[in-house]
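Before any comments, here is the structure.
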Amino acid sequence: MSEPSSPLEEIIVVAVDGPAGSGKSTVARAVAARLGLSYLDTGAMYRSVAHAALCEDIDTEDGERMAELARRLRIEVGEQVLVDGVDCTRAIRSSEVTRAVTAAAANPQVRAEMVRRQRLWVQDRGGGVVEGRDIGTVVFPDARLKVFLTASPEERARRRAAEAGDAVATDITRRDQADSSRAHSPLATAEDAVTIDTTERTVDDVVDEITGLLAQRQLPGKGW
Ligand code: DC
Numbered sequence: 071m072s073e074p075s076s077p078l079e080e081i082i083v084v085a086v087d088g089p090a091g092s093g094k095s096t097v098a099r100a101v102a103a104r105l106g107l108s109y110l111d112t113g114a115m116y117r118s119v120a121h122a123a124l125c126e127d128i129d130t131e132d133g134e135r136m137a138e139l140a141r142r143l144r145i146e147v148g149e150q151v152l153v154d155g156v157d158c159t160r161a162i163r164s165s166e167v168t169r170a171v172t173a174a175a176a177n178p179q180v181r182a183e184m185v186r187r188q189r190l191w192v193q194d195r196g197g198g199v200v201e202g203r204d205i206g207t208v209v210f211p212d213a214r215l216k217v218f219l220t221a222s223p224e225e226r227a228r229r230r231a232a233e234a235g236d237a238v239a240t241d242i243t244r245r246d247q248a249d250s251s252r253a254h255s256p257l258a259t260a261e262d263a264v265t266i267d268t269t270e271r272t273v274d275d276v277v278d279e280i281t282g283l284l285a286q287r288q289l290p291g292k293g294w
C-alpha cells in the first residue's frame, strides 16, 4: 500500500448513511461532484463479497470462509465495480446478491476488512463522500459532516421499484430490519448526524442543504 497522499488533518470526509431507498447514492454522488471529492459506495463492497461467495459456492453463513474470501478479494469500486479484475457492476445488483448480502454484511470479520479498506481508500484520495450504513458511527466517527438520510416507506419502495422492478417493498422492509437489528455495526444514526428527510425534495435541494452545512464546518484543527 502506498503512503497516504494527505495528512489526516486536511482530510474532509462527508459520511452519508441511511436505509435502502433513502436517496443515499444519488445524493452522495451529487455532493461529491459538486465539491470535487471522490465518492465511495460501501454497499457495493459488501455486495462484491456476497457476489463472489455465490460464484464460488461459499455458504454466506460460514463465517471463516467468508472472512477468508473478504481478505483475499481485490475489489475496486468506482464508475465500475471490478472484483478480481472482472466487471461485476450489474451482477452485484441482482436479487440473488441482494438476498445474500445480508449475511455477508452481518459477518464481523468481513466488516473489519471492509472498514480497513474504506479508511485506506479515503486516505489515499485525501478525503471523500462515503455512503453506507455505519460510516458516521464506525468507519469515520470524526467525519467533518455526518448526514443521515431518510424517506417515507412509500417513497423508498417507489424509488427501489423504479430501479429494480417488482416485489421490492417487501425486500426493503426485510433488509431494513436485518440491517438495523444485526449485532455488528447496525444501521443507526450517529449522535452528531444531521437527519434529512428526502421525501418530495429534489436532489439539488438536498445537495444544497448538505454543502451549506459543510460550509459552516470548515473549522481549523479538526481531522476528517
Ligand atoms: O447500499 P446497498 O443496498 O447497496 O447495501 C447493500 C447491503 O450492504 C445492505 O444490506 C446493507 C449492507 N451495508 C452495510 O452493512 N454497511 C455499509 N457500510 C454499506 C452497506
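In the numbering used here, the protein residues as written are 71 to 294.
Glycine included, each C-beta is placed from N, C-alpha and C at the ideal position.
If you check the beta carbons only, do residue 201 and residue 111 fall under 7 angstroms apart? Working through the sequence shown from its first residue, we reach residue 201 at position 131. Working through the sequence shown from its first residue, we reach residue 111 at position 41. In contact: residue 201 and residue 111 (Cβ atoms closer than 7 angstroms).
Name the DSSP beta bridge partners of residue 109, please? Here residue 109 refers to the residue found at position 39 when the sequence shown is read from its first residue. Looking at the DSSP output, residue 109 shares a beta bridge with 199.
Backbone CA spacing between residue 81 and residue 196 [nearest angstrom]: Counting from 1 along the sequence shown, the entry for residue 81 is found at position 11. Counting from 1 along the sequence shown, the entry for residue 196 is found at position 126. Cα to Cα, the separation comes out at about 5 angstroms.
Quick check: the Cα distance between residue 263 and residue 281, rounded to an integer number of angstroms? Along the sequence shown, read from residue 1 onward, the residue named residue 263 stands at position 193. Along the sequence shown, read from residue 1 onward, the residue named residue 281 stands at position 211. C-alpha separation (whole angstroms): 14 angstroms.
Closer than 7 angstroms by C-beta to residue 277: which residues in its own chain qualify, once you throw out the five before and the five after it? Chain order, please. Taking the first residue of the sequence shown as position 1, residue 277 is located at position 207. Cβ within range, chain order: 97, 100, 101 and 104.
How would you write the range of the beta strand (DSSP E) that residue 143 sits in, first residue to last? Within the sequence shown, the letter at position 73 stands for residue 143. Looking at the DSSP string, residue 143 is not in any beta strand (DSSP E), and its letter there is neither H nor E.
Nearest residue (CA-CA) to residue 154, options 181, 140 and 245: Locating residue 154 in the sequence shown gives position 84, where the first residue counts as 1. Cα-wise, what sits closest to residue 154 is 140.
Under the three-state reduction of DSSP, which class applies to residue 283: helix, strand or coil? For the purposes of this step, residue 283 is taken as residue 213 along the sequence shown, with counting starting at 1. Helix, per DSSP.
Could you give the C-beta distance for residue 122 and residue 143, rounded to a whole number, given that I count them as a contact under 8 angstroms? Residue mapping note: residue 122 aligns to position 52 of the sequence shown, counting from 1. Residue mapping note: residue 143 aligns to position 73 of the sequence shown, counting from 1. Confirmed, Cβ separation roughly 6 angstroms.
Any chance the CB of residue 171 is under 6 angstroms from a heavy atom of the ligand DC? Here residue 171 refers to the residue found at position 101 when the sequence shown is read from its first residue. Checking every heavy atom of the ligand DC against the Cβ of residue 171, one is found closer than 6 angstroms.
Can you check which of these residues, 230, 166, 279 and 232, is closest to residue 130 by C-alpha distance? Reading the sequence shown from its first residue, position 60 is the one you call residue 130. Of the candidates 230, 166, 279 and 232, the one whose C-alpha sits nearest the C-alpha of residue 130 is 166.
In this structure, how does DSSP classify residue 265 when only helix, strand and coil are distinguished? The residue you call residue 265 lines up with position 195 of the sequence shown. Strand at residue 265.
Sorted by chain position, which residues of the same chain lie with C-beta nearer than 7 angstroms to residue 90's C-beta, five sequence neighbours on each side aside? In the sequence shown, counting from the first residue as 1, residue 90 sits at position 20. Cβ neighbours of residue 90 within its own chain (closer than 7 angstroms, five residues either side excluded): 226, 230, 242, 245 and 246.
Residue 119 bridges to which residues according to DSSP? In the sequence shown, counting from the first residue as 1, residue 119 sits at position 49. Bridge partners of residue 119: none, in fact.
For residue 260, which of helix, strand or coil comes out of DSSP? On the sequence shown, residue 260 is found 190 positions in, with the first residue counted as 1. Here residue 260 sits in coil by DSSP.
Assumed close pair residue 198, residue 108 - CB separation to whole angstroms, cut-off 8 angstroms: For the purposes of this step, residue 198 is identified with residue 128 of the sequence shown, where counting begins at 1. For the purposes of this step, residue 108 is identified with residue 38 of the sequence shown, where counting begins at 1. Their Cβ separation, rounded to whole angstroms, is 4 angstroms, which keeps residue 198 and residue 108 in contact under 8 angstroms.
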